[in-house]
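Everything below concerns the one structure shown next.
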Amino acid sequence: MKIFSAKCTSTVRLDGKTAIVTGSNTGIGKMTALDFYKRGARVIMACRNMDKANEALEDIKNQCQGLTNVGDISIKQLDLMSLESVRNCADEILKTEERIDLLINNAGVMTCPEGKTKDGFETHFGTNHLGHFLFTLLLLPKIIKSTPARIVNVSSLAHIGGYINFDDLNFEKRSYSAILAYTQSKLANILFTKELASRLKDANIEAVTVYSLHPGVIATDLGRHLDEFCFWGAQWCFLKVMGMFIKTPEQGAQTTIYCAVDENAAKETGLYYAECEVTEPSAKAKNMRDAEKLWSISLKLVGLDDNYNPFA
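For the record, in the sequence shown the residue sitting at position 285 is 284 according to numbering that gives the first Met the number 0, with numbers rising by one throughout.
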């Protein structure tokens with residue numbers, strides 16, 4: 000039995016709803032897509048590796064054989080390390096989908112060796128934050144037209160160790176640290192959530208709600224680079240030490256699912272969750288000056304004009 004393993008108990012159906020889940024070929028993203036599919040949603044699995052995405056899609060369908068009232072499920076290619084890929088995926092979705100009721104920004108990388116995205120950004124910041132930032136803003140006009148709608152950003156408790164170094168977002172002026180790069184990107188996820196919620200409120204758009212969350216420590220391949228930047232066997236040691244806290248992907252998906260479907264969560268926006276309930280993030284994650292600054296800088300970095308207004 001895991002020490003922390005809250006479960007989403009909502010039985011809400013998602014018939015007629017369209018849900019996009021990034022990074023849904025594995026781990027908690029796959030379990031989230033499976034849950035939505037069982038609830039009757041039209042699920043779009045937005046993934047980088049199409050072979051793995053197809054395998055995951057077939058596995059989800061096989062798990063649901065014999066079930067009635069399942070939804071529809073398909074895949075789209077999305078490489079968050081490439082802003083061109085982000086734009087192409089968003090364009091395709093906007094052309095083919097009549098509505099977007101749920102956007103789950105789940106995909107992520109963790110403790111990667113020093114590197115850059117295709118656009119020259121530090122791997123964690125570019126993938127975990129900028130890719131999802133652009134994807135969300137491109138889809139936002141259609142999300143607003145599909146109200147009530149929800150946007151869920153999967154962050155991490157690791158954000159407490161992060162800070163946004165606005166003078167060196169890409170680790171070009173300081174020694175690279177995979178841990179600091181990861182925690183910076185996870186803090187950015189929460190600040191983005193808060194600023195997006197604030198701007199939606201200012202635009203009098205109350206029926207689009209936004210959430211960030213810590214899913215728990217999950218037994219997935221997200222930490223596959225631990226051996227590379229620490230020492231050989233680091234991932235095995237981590238799993239042994241954290242054994243009683245580590246969740247299965249199904250358990251880890253519960254807070255994401257809660258934020259996406261729970262009736263009570265529909266009354267809340269801009270908050271941070273863990274174990275299917277609101278919790279307090281770090282003080283740095285509540286700094287609205289940093290949130291606004293990050294938004295403005297991110298607009299420029301992803302190539303959107305200062306006057307770009309997805310809320311109109």
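Don't be surprised by glycine CBs; every beta carbon is placed ideally from N, CA and C.
According to DSSP, residue pairing for V216 in a beta bridge does not occur. When the five nearest sequence neighbours on each side are left out, the beta carbons in the same chain lying within less than 8 Å of the beta carbon of T255 are those of I27, T31, I103, N105, V151, V153, L212, P214, in order along the chain. In summary, D34 is buried, with 16 or more beta-carbon neighbours lying within 10 Å of its beta-carbon over all protein chains present. Positions of the alpha helix (DSSP H) runs, each at least 4 residues long and wholly inside the region 13 to 38, are given as 26 to 37 in order along the chain. Put simply, of D50, L56, N48 the residue whose alpha carbon is nearest the alpha carbon of V42 is L56.
According to DSSP, residue pairing for Y272 in a beta bridge involves L212, V277. Between C111 and A157 the beta-carbon gap is near 14 Å, outside 8 Å, which marks them as no contact. Collapsing the DSSP output to three states places D305 in coil. A buried status is given to M109, since no fewer than 16 other beta-carbon atoms sit within 10 Å of its beta-carbon.
Between the region 133 to 150 and the region 112 to 119, the count of C-beta pairs closer than 8 Å stays below three; the two stretches do not touch. In the structure shown, the three-state DSSP call for E171 is coil. Ranking C63, N24, Y272, N48 by CA distance to the CA of K37 puts C63 first. Segment contact: the region 198 to 209 against the region 141 to 148, three or more CB-CB distances shorter than 8 Å; contact assigned. With distances taken between CA atoms, I189 lies nearest to L293 out of L293, D100, L101. Nearest C-alpha to L101 among S281, L138, V216: L138. In the three-state DSSP reduction, S81 falls in the coil class, being neither helix nor strand. Residue environment analysis places T67 among the exposed positions, since fewer than 16 neighbouring C-beta atoms fall within 10 angstroms of its C-beta. With a cutoff of 8 Å on beta-carbon distance, T126 and L79 are scored as near each other. Spatial neighbours of R12 in its own chain (CB-CB distance under 7 Å, excluding positions within 5 residues in sequence) are listed in chain order as R38, G39. Per DSSP, the unbroken alpha helix (DSSP H) holding Q62 starts and ends at 49 to 62. Note: D71 is bridge-paired with R41 in the DSSP secondary-structure output.
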